[in-house]
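Chains as they are written, first to last, in our numbering: chain D, 2 to 115; chain F, 952 to 1065. The C-beta atom is built at its ideal place from N, Cα and C for all residues, glycine as well.
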Amino acid sequence: GNSVTQMEGPVTLSEEAFLTINCTYTATGYPSLFWYVQYPGEGLQLLLKATKADDKGSNKGFEATYRKETTSFHLEKGSVQVSDSAVYFCALSGLDTGRRALTFGSGTRLQVQP
Amino acid sequence: DTGVSQDPRHKITKRGQNVTFRCDPISEHNRLYWYRQTLGQGPEFLTYFQNEAQLEKSRLLSDRFSAERPKGSFSTLEIQRTEQGDSAMYLCASSLGGGAGEQYFGPGTRLTVT
């Protein structure tokens, strides 16, 4: 079945540091890939998405590239801010195999210090 | 445009009682999903509706759980004879047909079973 593996947190960075959160997946076919973010006390928000190999999703300075050869979708940001402190979830959807449910990783907590 | 709403936001109940949660999706979305999230984990899929039809159920959805979506609008999730292991955040999401399959989440209902 489908699965998503994320690097364990917490990840603690200083403001303006470079961020990478690793995500790898196992799936049949060609899943769509997503990053969701959960700020303290709030619901899950869609951050970015990619639907096919070599697609780059981007939003709010965050980027992730769909790498089919390495089955990865790592999240990056060049300069983090304190306001980026949140839990980040990588997820996939197996639309091409008829499975609409999202499969999530366990989440990575990011703490950005001033 | 309002987002996905859920009611109640918090529910405390005694073991053995029944509880019911409500989800109102984004108005033009025809697909609705329920997930469960426990502390430190990513959301896990429970069930999915397209309009009023329940098309997929997870093995996590024991016979004590039932979900409905009458008339293809709001949905309810009922848990009968609650157990302490049911304590979790219950998330609702909705999506349009087509696209990458991205889902939009509500704030969740936190259930505590004492």
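Cutoff 8 Å: residue i Cβ touching any chain F Cβ
i         : result
Glu-70(D) : no
Lys-14(D) : First, the residue type needs correcting, since residue 14(D) is Leu and not Lys in the sequence shown. No - not a single Cβ of chain F is within 8 Å of the one on Leu-14(D).
Glu-43(D) : yes
Leu-76(D) : no
Thr-52(D) : yes
From the options, residue whose alpha carbon lies closest to that of residue i
i           : options                                             : result
Tyr-67(D)   : Asn-60(D), His-75(D) and Phe-90(D)                  : His-75(D)
Tyr-1055(F) : Pro-976(F), Asn-969(F), Gln-992(F) and His-961(F)   : Pro-976(F)
Thr-25(D)   : Trp-36(D), Thr-13(D) and Thr-6(D)                   : Thr-6(D)
Pro-1021(F) : Asp-1037(F), Asn-981(F), Gly-993(F) and Met-1040(F) : Asn-981(F)
Val-88(D)   : Ala-51(D), Gly-62(D), Asp-56(D) and Pro-41(D)       : Pro-41(D)
Ser-4(D)    : Gly-108(D), Leu-93(D), Arg-110(D) and Gln-112(D)    : Leu-93(D)
Residue span of the beta strand (DSSP E) that contains residue i, given as start and end
i           : result
Asn-60(D)   : 57 to 60
Ser-1045(F) : 1039 to 1046
Phe-972(F)  : 970 to 975
Ser-1009(F) : Ser-1009(F) -> no beta strand (DSSP E), and no H or E assigned at all.
Residue i at chain D interface by Cβ criterion, 8 Å
i           : result
Glu-1034(F) : no
Gln-1054(F) : yes
Flag this pair as touching only if the stretch 98 to 108 of chain D and the stretch 997 to 1015 of chain F have three or more C-beta atom pairs under 8 Å; answer yes or no. yes
Is there contact between the stretch 986 to 1001 of chain F and the stretch 1039 to 1052 of chain F, where contact requires at least three CB pairs shorter than 8 Å? yes
Is the number of C-beta pairs between the stretch 1010 to 1030 of chain F and the stretch 982 to 996 of chain F that are closer than 8 Å three or more? yes
Cβ pair count under 8 Å reaching 3, the stretch 962 to 973 of chain F against the stretch 30 to 44 of chain D: no
Which full runs of the alpha helix (DSSP H) of 4+ residues lie inside the stretch 74 to 107 of chain D, going along the chain? none
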